[in-house]
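Undergrad: Everything in the sequence shown is counted per the UniProt record's numbering, starting at 1 for the first residue and increasing by one. Don't be surprised by glycine CBs; every beta carbon is placed ideally from N, CA and C. Quick caveat, the model's predicted, so the values are computed rather than measured.
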Amino acid sequence: MVAIVHQTDKRSGITYAYRSVSYWDKEKKQSRAKRTLIGRVDKETGKIVPTDGRNRKKKEGNPPVKRNTKRVEEAHRSFYGATYLLDAIGEKLGLIQDLKQCFPDTYEQILSVVYYLILEDSTPLYRFEKWGLLHKHPYGKDITSQRSSELFSSITEANKLQFFRLQGKRRMDNEFWAYDTTSLSSYSETLRQVQYGRNKEHDKLAQLNLALVFGQESNLPFYYRKLAGNIPDSKTITRLLEELDILDHSRVKLVLDRGFYSEVNINNLFKNHVKFLAGVRMSLKFVYGELDAVYDTFRSFERYSENYELYYQTVRTTWNYTQERPYKGDTLQESRRLYIHYFYNIDQAAEDEKNFDRKLIALKKELESGERVPGHAKLYKQYFITKTTPKRGTKAQIIDENVIKAKRYFGFFALITNEKMDAVTALELYRNKDVVEKAFGNLKERLNMRRTLVSSEQSLDGKLFVQFVALIYLSYLKKQMQDHNLFRNYTLPGMLDKLDVIECFEQPGKSLRVGEILDKQEQLYRDLGVTPPTSL
């Protein structure tokens, strides 16, 4: 429906005429209108006089006026509430300033794509045009699929490293940093780093790996790295330490999953004077050896945590540090201080034992039925003695000594660290590393990274960077929502939608005006650490 709408400017007293086109917005589920300025209304005749928006009549034959691309050239109403929130967060975290410094020519386009990825929740990038027309965003113009590909390809490694360095300096120096990797499946046959490896989502596809570093107190990421899909976690620590050094991060504290444990990695962490907290397998000789010394007195009342419902104990030991010194032609061997924090969960021990007994029953049936599984040969030998007679067939007998030994450490897990702390603090730090797991979930679901959809290395690198910037915003929002208990009433998309309906009105030569804001919306802004928007 098309209509002519008159509106009077209270300050100048001039009445303007607008062409108003109504349409139904399926996403917002409400009627919308787009207005285009026609001209001013003559007070005496009531006729519409064409104008350029500053009360000057257009003169035929005059050359077109060159305008700043950021200037509003026609009256326009758009959604503003959510993009205003992201603008404010970007200023608060220094993201806009750092992006402008690293990408002076394209930072506005990067921000607009980031906003789109966050607010449209996995919608393909080729739908940007529609979203861009309805929203106020930093770039203010359409970004076509070809333009987005060019944007991704323009992001260089030097630009990224500069951004990581600037963002890293804004993080807390003394906090522990959680480090982990995830796999991104891909159908591409042209990307060099797409390789078959241990896929953490069990997809039967080639993959590349992505490593993330997160601040555990800030809950914000500040570094990532793309890895070949066939590289195991334990092989990535040395390169990580090298790059953190390049980024001028001298006081490093890392929290690592047990998949990163190796003697080489622990030696490298000691060598680089890095504080670490790492999970380790109970099957390691030095781990269960130290536990045996305190095993019989482990479950005492004084060492029980009511909050975590487990027993704990810390043992101080030494690490046999070795360092190859090619320049001297020898190997340095020293003892370094190491703490092992042990934890025991009764419920987990019972569950482990039940599962183990079920496994033994299944193995026994395989042996006695003659339906052996080749992959179970080692388990057969470890836990059973078999006897076969013509009359009774095959009978399997349990090796009690080996079974008792296997059950001895059920319910136990251990952490090692070179920094003095109590066991409960270590446990809390280690469990907080799930911030990285949640971040990977955000990347793959909300940021459309379940599959990599680019074919060139340069485009992939650029797209990963833009999605990483979006992840910083999402991580901030999630932490604020958790800190203020907003998840009781909102999901993250629901909260963003609640603010997204707030409109702004831009008119040539006039300040931006913001639509009505409800009390609940104002409180949401404050809970998220942002001052509510007002008309300029």
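Under 7 Å Cβ to Cβ from Glu-366, same chain only, skipping five residues before and after it: list those, please.
TA: Result list for Glu-366: Arg-372, Val-373 and His-376, in chain order.
Undergrad: Output the distance between the C-alpha atoms of Gly-90 and Arg-19, rounded to the nearest integer angstrom.
TA: Their backbone Cα atoms lie some 35 Å apart in a straight line.
Undergrad: Is the beta carbon of Ile-416 closer than 8 Å to that of Val-280?
TA: Result yes, Cβ atoms of Val-280 and Ile-416 sit closer than 8 Å.
Undergrad: Within 10 Å of its beta-carbon, does Asp-519 have 16 or more other beta-carbons around it, so buried, or fewer, so exposed?
TA: Burial call: exposed.
Undergrad: If I follow the unbroken beta strand (DSSP E) through Ser-386, where does it start and stop?
TA: Reading the sequence as shown, one finds Thr at residue 386 and not Ser. From DSSP, the beta strand (DSSP E) with Thr-386 extends over 384 to 389.
Undergrad: Ignore the nearest five residues each way along the sequence and tell me which others in Asp-500's own chain have a CB closer than 7 Å to its CB.
TA: Cβ within range, chain order: Phe-79, Gly-81, Ala-82 and Leu-119.
Undergrad: Would you list the residues sitting across from Tyr-223 in a DSSP beta bridge?
TA: DSSP lists Val-213 as partners of Tyr-223.
Undergrad: Are there 16 or more other CB atoms within 10 angstroms of the CB of Asp-483, so buried, or fewer, so exposed?
TA: With fewer than 16 Cβ atoms within 10 Å of its Cβ, Asp-483 is classed as exposed.
Undergrad: For Pro-533, is the classification buried or exposed, using 16 other Cβ atoms within 10 angstroms of its Cβ as the cut-off for buried?
TA: Buried, by the Cβ-count rule.
Undergrad: Let me know the alpha helix (DSSP H) ranges lying completely inside the stretch 492 to 519, each 4 residues or longer, listed in chain order.
TA: Correct list: 492 to 500.
Undergrad: Taking C-alpha atoms, which residue in Glu-306, Asn-267 and Ser-300 lies nearest to Arg-337?
TA: Nearest of Glu-306, Asn-267 and Ser-300 to Arg-337, Cα basis: Asn-267.
Undergrad: So for Glu-334, helix, strand or coil by DSSP?
TA: In the structure shown, Glu-334 sits in a strand (DSSP, three-state: E or B).
Undergrad: For Thr-144 and Ala-414, I'd like the C-alpha separation in whole angstroms.
TA: Going by the C-alpha atoms only, they are around 52 Å apart.
Undergrad: So is the beta-carbon of Thr-182 under 7 Å away from any non-hydrogen atom of the ligand ZN?
TA: What this structure holds is no ligand at all, so the ligand ZN is not there to describe.
Undergrad: What is the rounded straight-line gap between the Cα of Pro-138 and the Cα of Tyr-344?
TA: Approximately 53 Å, taken between the alpha carbons.
Undergrad: Is DSSP giving Ser-262 helix, strand or coil here?
TA: Correct three-state label for Ser-262: coil.
Undergrad: Short of 6 Å in beta carbon distance, which residues of its chain neighbour Ala-349, apart from the five on each side in sequence? Order them along the chain.
TA: Answer for Ala-349: Phe-410 and Gly-411, listed in chain order.
Undergrad: Considering only residues of the same chain and omitting the five flanking positions on each side of Ser-475, which have a CB-CB separation below 7 Å?
TA: Closer than 7 Å at Cβ, skipping near neighbours: Asn-219, Leu-220, Pro-221 and Ala-439.
Undergrad: When the Cα atoms are used, what is the spatial distance from Asp-257 to Ile-472?
TA: Near 22 Å, if we compare the C-alpha coordinates of Ile-472 and Asp-257.
Undergrad: Only counting the same chain, and skipping five residues up and downstream in sequence, which positions put a Cβ closer than 8 Å to that of Phe-384?
TA: Cβ within range, chain order: Leu-363, Lys-364, Leu-367, Ala-396, Gln-397, Ile-398 and Ile-399.
Undergrad: Can you tell me which residues form a DSSP beta bridge with Lys-275?
TA: Lys-253, per the DSSP bridge assignment.
Undergrad: If you drop the 5 nearest sequence neighbours on each side, which residues of the same chain put their C-beta closer than 7 Å to that of Lys-479?
TA: So the list reads Asn-219, once near-sequence residues are dropped.
Undergrad: Starting from Arg-147, trace the alpha helix (DSSP H) both ways and give me its first and last residue.
TA: Run containing Arg-147: 145 to 153, per the alpha helix (DSSP H) assignment.
Undergrad: Out of curiosity, what's the CA-to-CA distance linking Lys-70 and Thr-182?
TA: Because Lys-70 carries a pLDDT of 49, less than 50, the predicted location of this residue cannot be relied on, and the following value inherits that uncertainty. The alpha-carbon atoms of Lys-70 and Thr-182 are separated by roughly 40 Å.
Undergrad: Touch check for the stretch 417 to 427 and the stretch 307 to 321: three-plus C-beta pairs under 8 Å?
TA: Yes: the two stretches touch, three or more of their Cβ pairs being nearer than 8 Å.
Undergrad: Do you know how far the Cα of Leu-210 is from the Cα of Arg-225?
TA: Their Cα atoms are separated by approximately 6 Å.
Undergrad: Would you kindly work out how many angstroms separate the C-alpha atoms of Phe-487 and Leu-212, rounded to a whole number?
TA: Using only the alpha carbons, I get a separation of about 25 Å.
Undergrad: Checking the sheet assignment: what are the DSSP bridge partners for His-341?
TA: The partner list for His-341 (beta bridge, DSSP) reads Thr-314 and Leu-415.
Undergrad: Rounded to whole angstroms, what is the Cα-Cα separation between Arg-171 and Gly-215?
TA: Roughly 7 Å separates the two Cα atoms.
Undergrad: Note down the Cα distance separating Phe-468 from Asp-248, rounded to an integer number of angstroms.
TA: When rounded, the distance between both Cα atoms is 20 Å.
Undergrad: Thinking C-alpha only, which one of Leu-125, Leu-492, Arg-165 and Glu-351 is nearest Gly-94?
TA: Of the candidates Leu-125, Leu-492, Arg-165 and Glu-351, the one whose C-alpha sits nearest the C-alpha of Gly-94 is Arg-165.
Undergrad: Phe-176 and Lys-271 look like a contact to me (Cβ under 8 Å); what is the Cβ gap, rounded to whole Å?
TA: So it is not a contact: roughly 19 Å between Cβ atoms.
Undergrad: In the structure shown, what three-state DSSP assignment does His-484 receive?
TA: Correct three-state label for His-484: coil.
Undergrad: For Leu-492, would you say it is in contact with chain D, using Cβ-to-Cβ distances shorter than 8 Å as the test?
TA: This model lacks chain D altogether, as it is built from one protein chain only.
Undergrad: Please classify Val-21 as buried or exposed, where buried requires at least 16 neighbouring CB atoms within 10 angstroms.
TA: It counts as exposed.
Undergrad: Under 7 Å Cβ to Cβ from Asp-527, same chain only, skipping five residues before and after it: list those, please.
TA: The answer, listed in chain order, is Gln-480, His-484 and Leu-486.
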